[in-house]
Structures are given as structure tokens and as C-alpha cells.
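So the sequence shown is numbered by the numbering used here: it starts at 32 and just counts up by one. This report concerns only the one structure given below.
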Amino acid sequence: MTRMLGAGEYRHRITLQQAQQARNDIGDTVTTWVPTLTRIAASVQPLRGRELFAAAQTQATVDHRITIRYRKNITRDLRIIWHSSDGDVPLDIISVINTDAANVQLELMAVTGVRNGLT
32 MTRMLGAGEY RHRITLQQAQ QARNDIGDTV TTWVPTLTRI AASVQPLRGR ELFAAAQTQA
92 TVDHRITIRY RKNITRDLRI IWHSSDGDVP LDIISVINTD AANVQLELMA VTGVRNGLT
């Protein structure tokens, strides 16, 4: 059973964005990112060492674990902007895990950078 985080452990802020596709003046498809949920309380944990190695064994390289309170409709199609002390950091969601299938918290496994919303 996974330990649930206390309120004080959600000390970071993130924004979730969704890609929107539009055509520019010359007909090219342009992807823009629109905030869907802002200022979400989160715990952002960079992965390192053995933890990072283990995560890479089962999926694309994952370098961050973001824990948030449970919300519906959080999918891999979204991207995260982590509002860190060093500035805004874009993170691409690799997987969404409903911790213990309890609808209490979500773990978002993410990688630094983005694929421009395309999988």
C-alpha cells in the first residue's frame, strides 16, 4: 500500500496544459498549449540513481514523479508546467497512475521536455 501524502507535502505548483491545433495564415498546422488546470498543489520528485534505472526498464525514460490529489480526466495527452524556483519547467506525461486505485491521489510519471503533444 502506497503512503498518502499529507497536505504539507504538496508544496510545489504545477499547471496542466492541453494541446490545441489550429491553422496559421499560410495553412500550416500549429500546436499551441492552453492551460486547463492552473496552480495545482503537487509534490514534484526528481528521480535519481536506482529509482530512475528501474523506471526506465518498463517505459520511456522517466525523470520526475509528480503526485497530485485525484482528479478525473488527467491523461497522457496533457503536459505539465512545473513552476520551480529555477523557472517554469515543461514535463511530458509518460503515465498516469491512480495510486492503489483508490481515487485519492495520482502519480504522474514524466520526462523533462515535451513531444509537442504528439505521441
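Just so it is clear, CB atoms sit at the ideal spot from N, CA and C, and this is done for glycine as well.
Around the C-beta of I57, fewer than 16 other C-beta atoms lie within 10 Å, and the residue is accordingly described as exposed. Distance check between A132 and each of R100, N55 and L68 places R100 closest, using alpha-carbon atoms only.
When the beta-carbon positions are compared, Q52 and T62 come within less than 9 Å of each other.
Taken in chain order, the unbroken stretches of beta strand (DSSP E) that lie wholly in the stretch 91-118 and span 3 residues or more are 95-100 and 109-115. A73 sits in a strand when the DSSP states are folded into three classes. The three-state reading of DSSP puts D131 in helix, counting H, G and I together.
As DSSP reads the structure, E40 sits in no beta bridge. In this structure, T98 keeps its C-beta atom at 9 Å or more from the C-beta atom of P121. Going by C-alpha positions, R54 is about 44 Å away from G39. A direct Cα-to-Cα measurement between W113 and I128 gives close to 18 Å. In chain order, T98, I99, R100, Y101, R102, I105, V127, I128, N129 and T130 place their CB closer than 8 Å to the CB of L137, counting only its own chain and leaving out the 5 sequence neighbours on each side. For L78, there is no enclosing beta strand (DSSP E), as DSSP marks it with neither H nor E.
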